[in-house]
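First the structure, in the form of structure tokens, and then the observations on it.
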Amino acid sequence: MTNLIQMTDIRKVFYADEVETHALAGIHLNIEKGEYVSISGPSGCGKSTLLSLLGLLDTPTDGQYRLNDVAVEDINASQRAKIRNKEIGFIFQAFNLIGDLSVLENVELPLTYRDGVSKSERRERAMEALNRVGMAHRIKHFPSQLSGGQQQRVAVARALVGQPSILLADEPTGNLDSKNGEAVMALLAELHAGGATICMVTHDPRYADFADRKVFMFDGQIVDEETLHKLRQEEEQRLEDQISQARARRSAQPAEIDEQA
Ligand SMILES: Nc1ncnc2c1ncn2[C@@H]1O[C@H](COP(=O)(O)OP(=O)(O)O)[C@@H](O)[C@H]1O
Ligand SMILES: [Mg+2]
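Each residue of the sequence shown is one higher than the last, beginning at 5 in my numbering.
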């Protein structure tokens, strides 16, 4: 079996202030070892929710999720943390480095939660990861002393250091200018060429093109590209209709006000 990830009919409902949000409405997704998959779709369609379920940061309301052939949909929080630490490397849009830890300490952090990794091994592996992202010359710096692009490279090193089964990246270029964004994308491409399995959420079609396989989402479901295009056009049309109706109402109103004046 080369299937690293198998999601079957995954659903996620959020309950807040008596409002039910069906963020994921029946997701079927398989990812094989060594694949590079991109996920895109309009804002609010469930991309981040899907990624946090993939990364065991949250649990589904319903459905099956097998990670490395282990059923993980129902495991408790401490088992989840343990599997997450071993299998998952997460890269966030906002980097999420810890401000009062140095670059080296940030990258070592995932290994401090593992049994049987000595201090010297931790250091050695963190240095190796920092070398891979070209940040080994900044180990004593603190995150605030680095540019956004550099911070994201450190965050990539932190995601890599535990040799996870998969790297999950949620809009990793979202807080970067295009030059730094492209550098981070080149870095991910290089890691993929070296064998890493990657699943990346992006709204930028140019960046989705880096992936082997593009997955599109709309309203909590995976759809094909054509369907997405059609649904988006329908949505835009609805929005335009609403706007022109609102305009029509507004242009009717001033006349009434004039009459009153
Ligand atoms: N913690 C939460 N509580 C309530 N609703 C949430 C929560 N997280 C996400 N949602 C809702 O779920 C839907 C999907 O959100 P999200 O996965 O963040 O979308 P995307 O990343 O595609 O923009 C949205 O309608 C969002 O408002
Ligand atoms: Mg998101």
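Backbone N, C-alpha and C fix where the C-beta goes; we use that ideal spot for every residue, glycine too.
Remember, predicted model here, so these are calculated numbers, not experimental data.
**Request:** Over the uninterrupted beta strand (DSSP E) stretch that includes Gln156, give me the two end residues.
**Result:** Looking at the DSSP string, Gln156 is not in any beta strand (DSSP E); the run it does join, the alpha helix (DSSP H), is Gly152 to Leu164.
**Request:** Closer than 6 Å by C-beta to Ala130: which residues in its own chain qualify, once you throw out the five before and the five after it? Chain order, please.
**Result:** Leu108, Val111, Glu112 and Val165
**Prompt:** The alpha helix (DSSP H) spanning Thr53 covers which residue range?
**Reply:** Lys51 to Leu58 is the extent of the alpha helix (DSSP H) around Thr53.
**Message:** Based on DSSP bridge pairs, tell me the residues matched to Thr12.
**Reply:** Gln68
**Request:** Assuming Asp174 and Val205 form a contact by the criterion Cβ under 8 Å, report the distance between their Cβ atoms to the nearest whole angstrom.
**Result:** 5 Å
**Prompt:** Any heavy atom of ligand 1 within a distance shorter than 7 Å of the CB on Thr266?
**Reply:** Given that the chain is displayed from residue 5 to residue 265, the structure contains no residue 266 and the question cannot be resolved.
**Prompt:** Would you say the region 9 to 19 touches the region 55 to 72, given that touching needs at least three Cβ pairs under 8 Å?
**Reply:** yes
**Prompt:** Is it buried or exposed for Leu243, if we count other Cβ within 10 angstroms and need 16 for buried?
**Reply:** exposed
**Message:** For Thr53, count the other beta carbons within 10 Å of its own beta carbon; 16 or more makes it buried, fewer makes it exposed. Which is it?
**Reply:** buried
**Asked** Under a three-way DSSP split, which group does Ser44 fall into?
**Response** strand
**Message:** Cutting at 6 Å between CB atoms, please list the residues of its own chain near Ala265, excluding the five before and the five after it.
**Reply:** No answer about Ala265 holds up, because its pLDDT of 49 lies below 50 and its placement is not dependable.
**Nearest-residue set for ligand 1, Cβ under 5 Å from any heavy atom** = Phe18, Ala20, Thr25, Ala27, Ser47, Gly48, Cys49, Gly50, Lys51, Ser52 and Thr53
**Prompt:** DSSP three-state call for Lys37: helix, strand or coil?
**Reply:** coil
**Request:** Measure the C-alpha to C-alpha separation of Gln156 and Leu8 and round it to an integer number of angstroms.
**Result:** 26 Å
**Prompt:** Looking at the structure shown, is Tyr3 part of a helix, part of a strand, or coil, going by DSSP?
**Reply:** In the structure as shown, the chain starts at 5 and stops at 265, and residue 3 therefore has no counterpart that could be examined.
**Prompt:** Which residue from Asp73, Leu60 and His32 puts its Cα closest to that of Asn80?
**Reply:** Leu60
**Prompt:** Is it the case that the CB of Asp245 approaches a heavy atom of ligand 2 more closely than 7 Å?
**Reply:** The answer is no for Asp245.
**Item:** Exposed unless 16 or more other CB atoms sit within 10 angstroms - verdict on Gly120
**Value:** Looking at its Cβ environment, which holds fewer than 16 other Cβ atoms inside 10 Å, Gly120 is exposed.
**Message:** Taking only three categories from DSSP, how would you classify Met189?
**Reply:** helix
**Message:** Nearer than 7 Å: is that true of the beta carbon of Asp223 relative to any heavy atom of ligand 2?
**Reply:** no
**Prompt:** Can the beta-carbon of Ala163 be found less than 8 Å from the beta-carbon of Arg136?
**Reply:** no
**Request:** Label Glu238 either buried or exposed according to how many other C-beta atoms from any shown protein chain fall within 10 Å of its C-beta, with 16 as the threshold for buried.
**Result:** exposed
**Message:** Give me, in chain order, the residues of the same chain whose beta-carbon lies closer than 7 Å to that of Leu101; leave out the 5 immediate sequence neighbours on both sides.
**Reply:** Closer than 7 Å at Cβ, skipping near neighbours: Asn110, Pro147, Gln155, Val158 and Ala159.
**Sequence-distant residues of the same chain with beta carbon closer than 7 Å to Arg217, five excluded per side** = Glu39 and Val41
**Message:** Quick test of your reading: Phe220 and Gly45, contact by CB under 8 Å. State the CB separation rounded to the nearest angstrom.
**Reply:** 6 Å
**Request:** Under 8 Å by Cβ, that's how I've got Ile115 and Arg126 pegged, so tell me the actual separation to the nearest angstrom.
**Result:** The question names Ile, but residue 115 is Leu in the sequence shown. About 5 Å; that satisfies the 8 Å criterion.
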